[in-house]
Amino acid sequence: MRTPAWKRRVDDALRAFEERALGWGGERRDLVFLVVSAASIALSFVAPGVLPFDWAWIAIVLCGVPIVLEAIVALVTEFDIKADVLVSLALIASIFIGEYDAAGIVAFIMQIGAFLEETTVRRARDGIERLVALTPRTARVIDGGTERVVDAADVPEGALLRVLPGETIPVDGVVVAGATSVDTSVMTGEPLPEDKAVGDEVLSGTVNQFGSIDIRATHVGEDSSFARMVQLVQSADAGKSKVVRTADAWATWIVVIALSISVVCYLVTGDIIRAVTVLVVFCPCALVLATPTAVMAAIGNASKRGLMVREGDALERLASVTHVAFDKTGTLTHGHPDVVAVEAADGVSRRHVFEVAARAERRSEHPLGKAIAAAYASEAGVDVAPADSFELVVGRGVRAVVDGRPVLVGSAEMLRETGVEVTEEWDAAASAHASEGHTSVFVSEGGELLGLIALADTLRDESPEVVVGLAERGLVPVLLTGDGAQTAKAIAGAAGVAEVHARCLPADKMCLIEEAERRGERVCMVGDGINDAPALKRAYVGIAMGGVGSDIAVDASDVVLVNDSLDGLTHLVDLSRHTLRTIKVNLTFSMGVNLVATTLAVAGLLGPVAGALVHNVGSVIVIVNSALLLGWKGPRRSMM
């Protein structure tokens, strides 16, 4: 239901007053209020009697009054009964019988949860704004032989555009002149640039790296790939189901029952004290505290392991997940190419092949060339001396002169065009590497083939163990990647993932998650790049890699793996399930206590003071049970 216009105007006016008169925004104000409230509650126990009123009144005013006002507004404008109404009743009843400490503690804990929610919403909005900021702004249109810069949004379909090295491609199109390599990581997540020549398709948002190209626009404005990805991220939340708090779900019935029992008790007995006692013991502080205290303790547990939980209910949702979908590059793998093999021709040493290639690539800006030079320097323990001369052949490889001899490092086609013989045996070797997801580059010196170097984005050491651990917990691992089928299957096989979806653009990943949801499956998405943002946002739970992950991916997620390792995933799943069990125990206990205490209060066997004591003891037991989550280390595994 939409917020009434008058309430929006009041909220805007209050926010403007805060910013002008107080000089701070709502978030800073709420944080200060929470700190002051925590101090006042502590002082109410250790330094009572210092002030002419109880210290807890500070927390009641700063944290409790907003809750009561929100409950009143919701009741008056929307007749919406949520946990705020329960909390308000508990606060008022506690104040009525003089239990100020209990009122302050409940208000403080509930406001912590509200603060975390508001912070999460703000961060998600910031992430979308950063994604929008990456949208290409201008384009070079070629019209009648004249080049002019226009707004990217004004480019008509069919227009001829020129894209220079280092520029972002503003629209989807087809290359009609030139050749280059394009960084497609923003759309596919893959670390290696794709070579593009005449007739090849290019996507908006990707970056032209080396050569100047002319393209014919095919999809422009809101129809371009990057614009559609932004729209997907903005709309993903609308279809993402949220866990409704148990206290909210039961609030209407509990309020009606509590008030009814209290009124009936008064009408039958004529004893107002009994009626108030019923409100004190029935208004379920323990029930309201059952979920937020457990979630906060679990968040503390997760943070000690480098797991930042950005949305509290993510842990509740994770407990019911059925599938875990992984991105490949930067998630299951390290996200950058490494040398995995160096093969030398007869009579040539492996070290010589490696050294010649490394020196030729020393000045290269291509990811493969930089990886070769870095790997040789690491293996040899010395810096690589650059070639005498260097020339990049866009989309093919490099030409260089090393110690006065001509050197080629690149594709088999480039070597053959210059007269170097590449036999069928070497083609077979390259094909064998390709079947394992490796990229091969050939090396020649003085017109003779020296060998080949195979590179690949290597699997993280912990990936197979994590995949097995998740499968043991009944979860189905899935791979969603923008890479080709051959590479995807090779990585999936090494990691132990059976279900593979390759050549996935951002929209494809999101659609696959939506299809799974329609089948009744609940998917947790684990990814790291901008291209994963729509899927992270749409998934039942989104988990982002914090080290290599982009800010936009982090902002679209519910949980962040701060230490950039998958090791914590199995613990996170176990923790979520144990947290849900703890919440259920808390709820069962709190409702049981309420039922017994209410029965005794109606019978006159429990007065206001004793009722308040039972009420507080129940809340304390719930908090203590939740606090055990802080030190929880995981389920005990059988040693057999």
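Numbering-wise, my numbering comes out as the position in the sequence shown, counting from 1, plus 935. From the three backbone atoms N, C-alpha and C, an ideal C-beta is built for every residue, glycine too. Everything numeric in this text was worked out from a predicted model, so none of it was measured.
List the endpoints of the continuous alpha helix (DSSP H) containing residue i.
| i | result |
| --- | --- |
| D1248 | D1248 to L1253 |
| C1446 | P1441 to R1453 |
| R1512 | G1503 to V1537 |
| K1424 | A1420 to A1430 |
| S1398 | S1398 to E1407 |
| F1588 | What the structure shows of the chain is the stretch from 936 to 1575, and residue 1588 is not part of that stretch, so it cannot be assessed. |
| R1334 | First-last for R1334: G1332 to V1337, but that is the beta strand (DSSP E), not the alpha helix (DSSP H). |
| A1347 | A1347 to E1352 |
| L1471 | A1468 to R1473 |
From residue i to residue j, what distance separates their C-alpha atoms?
| i | j | result |
| --- | --- | --- |
| A1562 | T1228 | 7 Å |
| P1570 | V971 | 38 Å |
| A1518 | A1237 | In the sequence under discussion, the amino acid at residue 1518 is Ile, which differs from the Ala named in the question. About 17 Å. |
| D965 | A1308 | 53 Å |
| A1347 | V1277 | 16 Å |
| T1264 | K1131 | 21 Å |
| E1380 | A1306 | 20 Å |
| A1437 | F1261 | 12 Å |
| R1334 | P1341 | 7 Å |
| A1232 | R1457 | 25 Å |
| T1204 | A1538 | 10 Å |
| I1002 | A974 | 19 Å |
| A1566 | L1507 | Correcting the residue type first, residue 1566 is Gly in the shown sequence and not Ala. Approximately 14 Å, taken between the alpha carbons. |
| A1363 | L1253 | 46 Å |
| A1367 | P1091 | 45 Å |
| G1417 | I976 | 53 Å |
| V1155 | S1139 | 9 Å |
| A1442 | P1469 | 7 Å |
Which same chain residues end up closer than 6 Å to residue i when comparing Cβ atoms and leaving out the 5 residues on each side of it in sequence?
| i | result |
| --- | --- |
| R1298 | P1321 and F1325 |
| F1145 | P1100, T1115, S1116 and V1329 |
| H1489 | Note that residue 1489 corresponds to Val in the displayed sequence, not to His. Taken in chain order, the residues that qualify are A1479 and V1495. |
DSSP state of residue i, grouped into three classes?
| i | result |
| --- | --- |
| H1368 | helix |
| I1077 | strand |
| W959 | Low confidence applies to W959: its pLDDT is 46, below 50, so where it sits in the model is not reliable enough to give any reading. |
| S1561 | helix |
| V1319 | coil |
| E1082 | strand |
| V1344 | strand |
| D1107 | strand |
| E1278 | strand |
| S975 | helix |
| A1112 | strand |
| T1228 | helix |
| F988 | coil |
| L1303 | helix |
| P1091 | coil |
| V1357 | coil |
| L1390 | strand |
| E1005 | helix |
| K1314 | Sequence inspection shows Glu at residue 1314; the Lys mentioned does not correspond to that position. The answer is helix: DSSP assigns E1314 an H, G or I state. |
| D1273 | strand |
| D1206 | coil |
| S902 | Outside the displayed span of the chain (936 to 1575) sits residue 902, for which this structure offers no information. |
Once the 5 residues before and after residue i are set aside, which same chain residues still bring their CB inside 7 Å of it?
| i | result |
| --- | --- |
| T1055 | Unreliable placement is indicated for T1055, whose pLDDT of 49 sits below 50; the coordinate value is still reported in the next sentence. The answer, listed in chain order, is R1245 and E1246. |
| I1207 | Y1201 |
| D1118 | P1128, T1141, V1142 and Q1144 |
In the DSSP assignment, find the beta strand (DSSP E) that holds residue i and state where it starts and stops.
| i | result |
| --- | --- |
| R1097 | L1095 to V1098 |
| A1479 | V1476 to M1480 |
| A1260 | H1258 to F1261 |
| L1496 | V1494 to L1496 |
| P983 | Unbroken run through P983: none, as it is neither H nor E. |
| L1415 | V1411 to L1415 |
| G1462 | V1458 to G1462 |
| V1328 | S1324 to V1328 |
| L1541 | Segment: none, L1541 is in no beta strand (DSSP E) and carries neither H nor E. |
| V996 | Segment: none, V996 is in no beta strand (DSSP E) and carries neither H nor E. |
| E1434 | E1434 to H1436 |
For residue i, collect the residues of the same chain with a Cβ closer than 8 Å to its Cβ; drop the 5 residues on either side in sequence, then sort them by chain order.
| i | result |
| --- | --- |
| S1370 | Q1421 and A1425 |
| V1401 | L1501, D1502, L1504 and T1505 |
| A1312 | A1293, D1318 and V1319 |
| H1287 | A1279 and L1385 |
| V1557 | A1221, L1224, A1225, T1228, N1521, F1524 and S1525 |
| A1112 | V1133, I1148 and D1149 |
>> Quick check on the DSSP output: what are the complete beta strand (DSSP E) runs of length 3 or more inside the region 1124 to 1159, in order along the chain?
In response: 1129 to 1131 and 1148 to 1154
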